[in-house]
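Quick note, the sequences are listed as chains A and F, same order.
In terms of this note's numbering, the first sequence is residues 1 to 443.
In terms of this note's numbering, the second sequence is residues 1 to 248.
No residue lacks a Cβ here, since even glycine has one placed at the ideal position from N, Cα and C.
These numbers were taken from a predicted model, which means no experiment stands behind them.
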Amino acid sequence: MHRRQKPSAPEHKRDLAAHGGALSTSHNDTRSFFNFSQLVLSAGHLKSPPVLKHSKITYFEVEILDMQSKKQICIVDKVRYRAQSLPAAATRFKHQLWRSGRWWCLVVHVTPRGYAHWYGSLIVPPSSTLLDVKHKFHKACPQWYPSRVGLQLERNGPYLKDSINIQSLAVSSIITLYFTDLGQQVGWTTFFLTEYTGPLLIYLLFYIRLSTIYDQVESTKNFRHPVVHLACFCHCLHYIRHLLETLFVHKFSGGHTPLKNMIKGCAFYWGFTSWIAYYINHPRYTPPSFGHRQVSFAALAFLMCEAGNHFINVTLAHQNHSGSKACFPSPTYNPFTWLFLLVSCPNYTYEVGSWISFTVMTQTLPVGIFAFLMVIQMSLWAQKKHKLYLKRFYPEGKFHVARAEPSVEGRQGQGHTTTRISSCFKVKGKESTCSMSHQMQLG
Amino acid sequence: MAASGSGGGSSRADNGYGSQQPRRRKGPGALATAYLVIYNVVMTAGWLVIAVGLVRAYLAKGSYHSLYYSIEKPLKFFQTGALLEILHCAFGIVPSSVVLTAFQVMSRVFLTWAVTHSVKEVQTEDSVLLFVVAWTITEIIRYSFYTFSLLNHLPYLIKWARYTLFIILYPMGVSGELLTIYAALPFVRQSGLYSISLPNKYNFSFDYYTFLILVMISYIPIFPQLYFHMLHQRRKVLSHTEEHKKSE
Numbered sequence: 001m002h003r004r005q006k007p008s009a010p011e012h013k014r015d016l017a018a019h020g021g022a023l024s025t026s027h028n029d030t031r032s033f034f035n036f037s038q039l040v041l042s043a044g045h046l047k048s049p050p051v052l053k054h055s056k057i058t059y060f061e062v063e064i065l066d067m068q069s070k071k072q073i074c075i076v077d078k079v080r081y082r083a084q085s086l087p088a089a090a091t092r093f094k095h096q097l098w099r100s101g102r103w104w105c106l107v108v109h110v111t112p113r114g115y116a117h118w119y120g121s122l123i124v125p126p127s128s129t130l131l132d133v134k135h136k137f138h139k140a141c142p143q144w145y146p147s148r149v150g151l152q153l154e155r156n157g158p159y160l161k162d163s164i165n166i167q168s169l170a171v172s173s174i175i176t177l178y179f180t181d182l183g184q185q186v187g188w189t190t191f192f193l194t195e196y197t198g199p200l201l202i203y204l205l206f207y208i209r210l211s212t213i214y215d216q217v218e219s220t221k222n223f224r225h226p227v228v229h230l231a232c233f234c235h236c237l238h239y240i241r242h243l244l245e246t247l248f249v250h251k252f253s254g255g256h257t258p259l260k261n262m263i264k265g266c267a268f269y270w271g272f273t274s275w276i277a278y279y280i281n282h283p284r285y286t287p288p289s290f291g292h293r294q295v296s297f298a299a300l301a302f303l304m305c306e307a308g309n310h311f312i313n314v315t316l317a318h319q320n321h322s323g324s325k326a327c328f329p330s331p332t333y334n335p336f337t338w339l340f341l342l343v344s345c346p347n348y349t350y351e352v353g354s355w356i357s358f359t360v361m362t363q364t365l366p367v368g369i370f371a372f373l374m375v376i377q378m379s380l381w382a383q384k385k386h387k388l389y390l391k392r393f394y395p396e397g398k399f400h401v402a403r404a405e406p407s408v409e410g411r412q413g414q415g416h417t418t419t420r421i422s423s424c425f426k427v428k429g430k431e432s433t434c435s436m437s438h439q440m441q442l443g
Numbered sequence: 001m002a003a004s005g006s007g008g009g010s011s012r013a014d015n016g017y018g019s020q021q022p023r024r025r026k027g028p029g030a031l032a033t034a035y036l037v038i039y040n041v042v043m044t045a046g047w048l049v050i051a052v053g054l055v056r057a058y059l060a061k062g063s064y065h066s067l068y069y070s071i072e073k074p075l076k077f078f079q080t081g082a083l084l085e086i087l088h089c090a091f092g093i094v095p096s097s098v099v100l101t102a103f104q105v106m107s108r109v110f111l112t113w114a115v116t117h118s119v120k121e122v123q124t125e126d127s128v129l130l131f132v133v134a135w136t137i138t139e140i141i142r143y144s145f146y147t148f149s150l151l152n153h154l155p156y157l158i159k160w161a162r163y164t165l166f167i168i169l170y171p172m173g174v175s176g177e178l179l180t181i182y183a184a185l186p187f188v189r190q191s192g193l194y195s196i197s198l199p200n201k202y203n204f205s206f207d208y209y210t211f212l213i214l215v216m217i218s219y220i221p222i223f224p225q226l227y228f229h230m231l232h233q234r235r236k237v238l239s240h241t242e243e244h245k246k247s248e
């Protein structure tokens with residue numbers, strides 16, 4: 001009594017509109033059967049989502065269409081069709097898809113019990129999340145790996161998170177998800193390693209005074225002021241520390257970022273490093289006006305900021321690691337972490353401090369311009385982070401931190417860091433602990 | 001980049017005058033509209049003054065060489081006045097991107113002050129006349145377009161002129177600009193204008209000559225993009241108007 005539709009080659013090549021049309025006629029035929037099967041099913045003990053009142057949903061069906069060619073782009077899952085359950089809404093959505101233009105649609109079709117046999121359909125159990133859908137999609141179409149796929153409920157809506165349950169999206173028997181290609185993605189570790197190795201090597205190239213960059217005669221003639229050597233040491237220390245922290249301290253929760261961001265970030269850092277290194281290592285470099293006092297004071301400040309930055313990162317990573325609580329980091333016995341009392345993310349403050357002291361140490365205008373740009377960028381990131389903190393930890397208000405200066409625990413990578421936060425908050429007189437661990441995404 | 005003012009303006013036209021995207025926010029209030037109308041009328045009048053000045057000077061002199069001197073002051077004044085447009089975008093009374101507008105206005109102001117005004121020897125060049133004429137015609141049409149749009153009585157002729165004449169005026173303006181910069185190069189090198197060299201206290205150097213060359217090179221990627229963007233806008237706006245007319 002069950003109606004079967006076997007997959008056949010000509011059927012695969014058939015246009016979906018015809019397919020939809022064929023189904024609608026068959027729908028009429030089996031309407032009576034459908035109602036009967038509904039009756040049978042409703043007597044069963046299958047789970048039904050709270051949204052749909054009348055049908056029992058066992059599987060969700062996801063269909064992937066390519067809008068421009070109006071053909072199904074890949075076979076995601078092919079399952080035998082057992083119960084006719086295609087509501088009229090399905091054909092309506094199909095027609096909508098044709099008119100959508102250049103959008104690709106993932107049509108999630110909710111079927112009551114049994115499988116819907118469609119060419120290019122994806123079946124996932126109702127308890128699955130969006131990530132499972134993406135994985136299934138990836139298995140069938142290998143070029144779309146999950147981090148590259150962006151799914152939206154509406155055309156220009158926000159991207160849905162991977163953890164969303166498919167069931168919660170179902171408002172009818174068909175869920176239409178819009179699929180966008182987020183572009184080539186890179187992991188965070190790769191991103192930061194590339195971004196920080198570049199400046200390290202570039203500066204050293206300038207330091208050794210390659211013959212193509214500087215005039216050879218001048219280079220050999222001139223005496224190099226000790227501040228040049230010190231600047232090289234400090235610069236390398238800064239980036240080596242960043243690299244080591246990326247490798248050993250920070251914990252990236254597997255997030256990704258588009259390749260474009262990496263190109264932009266690398267261009268910024270590498271470009272500025274070349275510009276800075278050119279002037280500092282130039283044969284005609286002029287040492288700072290106030291001599292050794294200026295250099296030593298600035299070098300000391302630089303080292304302190306570096307140490308502070310390091311300790312902040314370690315503290316945060318440690319807190320993330322030890323507890324599963326997500327609270328604002330608290331200052332510890334380490335004096336460098338006392339900056340938590342003043343600012344919400346001392347990480348950025350220390351970074352800015354390093355660059356400003358480097359500027360003072362070398363007395364070079366391009367470094368000053370770079371430091372200025374870093375200040376702007378870090379302030380923006382820190383403000384966003386601060387707002388995020390307020391929203392998460394203090395929805396009512398009552399934030400005891402004096403001002404939202406640049407700061408963030410974890411990474412300052414263009415606002416897309418994912419690190420687990422877990423630390424305890426101390427509010428004046430009240431201690432609140434939030435016992436959830438979550439991934440924070442900046443920006 | 002000279003006539004790219006129309007490029008930036010067209011994006012404003014699309015957003016503010018509703019030809020393609022849905023309005024994302026309410027238009028400017030009554031006071032802002034009044035101010036903008038006054039601003040656009042003043043700018044139209046200013047560029048008309050420049051146009052009239054050019055014609056009169058041509059008729060008086062009998063040749064088209066060295067006409068720059070007759071319109072030097074109004075040109076500087078009204079081109080610099082275009083800086084206010086950046087503020088308009090920043091305050092939100094004009095629905096356009098601040099960065100884009102800033103970029104376009106700054107390129108114009110750069111050419112007016114940092115090249116034509118600073119390097120006196122190029123002021124007698126014919127290329128200066130080329131871009132001044134292109135700018136004048138473009139700006140008169142553009143500002144009158146905005147004026148009429150703000151008053152909601154846009155004659156089709158002005159819209160057509162704005163989206164069609166750029167096809168000739170934009171390349172004309174760009175060629176004038178490039179030739180002017182090219183003519184200024186030897187004088188910049190000779191006099192070391194706006195250049196700092198090492199060694200100095202702040203360890204900084206800037207070579208204006210190289211900078212001008214980089215500016216010239218930057219025209220290569222930017223000009224085609226803006227030009228085709230304008231062509232695209234033209235197709236959209238003018239075909240939309242035709243459809244609207246047909247439906248009436």
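Residue range 365-393 is occupied by the alpha helix (DSSP H) that includes residue 377 (chain A), with no beta strand (DSSP E) assigned at that position. Not a single CB atom of chain F sits nearer than 8 Å to the CB of residue 377 (chain A).
At least 8 Å separates the CB of residue 236 (chain F) from every CB of chain A. At a cut-off of 3 residues, not a single continuous stretch assigned as beta strand (DSSP E) sits fully inside the region 97-137 of chain F.
Around residue 204 (chain F), the beta-carbon contacts reaching into chain A at under 8 Å are 279, 364, 365, 366. Between residue 340 (chain A) and residue 354 (chain A), the C-beta spacing is not below 8 Å. Secondary structure note for residue 186 (chain A): its beta strand (DSSP E) is the uninterrupted segment 185-187. Look at residue 165 (chain A) here: in three-state DSSP terms it is strand.
Cβ neighbours of residue 68 (chain F) within its own chain (closer than 6 Å, five residues either side excluded): 123, 128.
By the criterion of a C-beta distance shorter than 7 Å, residue 139 (chain A) is surrounded by no residue of its chain, once the five residues flanking it on both sides are discounted. Around the beta carbon of residue 248 (chain A), fewer than 16 other beta carbons lie within 10 angstroms, which makes this residue exposed.
Annotation for residue 169 (chain F): 3, 134, 137, 138 place their beta carbon closer than 7 Å to its own, counting only its chain and skipping 5 residues before and after.
Residue 211 (chain A) has its alpha-carbon roughly 45 Å from the corresponding atom of residue 83 (chain F). Rounded to whole angstroms, the separation of the alpha carbons of residue 252 (chain A) and residue 189 (chain A) is 7 Å. Shown here is that no member of the region 211-224 of chain F has a Cβ falling below 9 Å from a Cβ of chain A.
If you draw a straight line from the Cα of residue 250 (chain A) to the Cα of residue 317 (chain A), it is about 6 Å long.
Looking at the DSSP output, residue 135 (chain A) bridges to nothing. Distance from the CA atom of residue 108 (chain F) to the CA atom of residue 141 (chain F), rounded to whole angstroms, is 17 Å. At a C-beta separation below 8 Å, residue 209 (chain A) has no neighbours in chain F, since its nearest C-beta there lies roughly 15 Å away.
For residue 199 (chain F), at least one C-beta of chain A is nearer than 8 Å to its own C-beta. Residue 289 (chain A) has a beta carbon lying within less than 8 Å of a beta carbon in chain F. Annotated as distal: residue 206 (chain A) and residue 309 (chain A), with beta-carbon spacing of 8 Å or more. In the same chain as residue 294 (chain A), and ignoring 5 residues on each side of it, the C-beta atoms closer than 8 Å to its own belong to 288, 360, 361, 363, in chain order.
Within the same chain, 350, 353, 354, 357 come within 7 Å of residue 305 (chain A) by CB-CB distance, once the 5 residues on both sides are set aside. Its Cα nearest to that of residue 257 (chain A), the residue A:182 stands out among A:182, A:371, A:223. In the structure shown, residue 265 (chain A) falls within a helical segment according to DSSP collapsed to helix, strand and coil. Among the residues facing chain F, residue 286 (chain A) is included, as its CB has a counterpart in that chain under 8 Å away. Linking residue 223 (chain F) to residue 165 (chain F) through their CA atoms gives a straight-line distance of about 16 Å. Interface annotation, residue 229 (chain A): not in contact with chain F, CB-CB separation never under 8 Å. Counting only residues of its own chain and dropping the five nearest sequence neighbours on each side, residue 334 (chain A) has a CB closer than 6 Å to the CB of 311. Here DSSP, grouped into helix, strand and coil, assigns residue 213 (chain A) to coil. Secondary structure note for residue 250 (chain A): it is in no alpha helix (DSSP H), with a DSSP letter that is neither H nor E. The distance from the Cβ of residue 279 (chain A) to that of residue 203 (chain F) is about 5 Å, consistent with a contact at the 8 Å cut-off.
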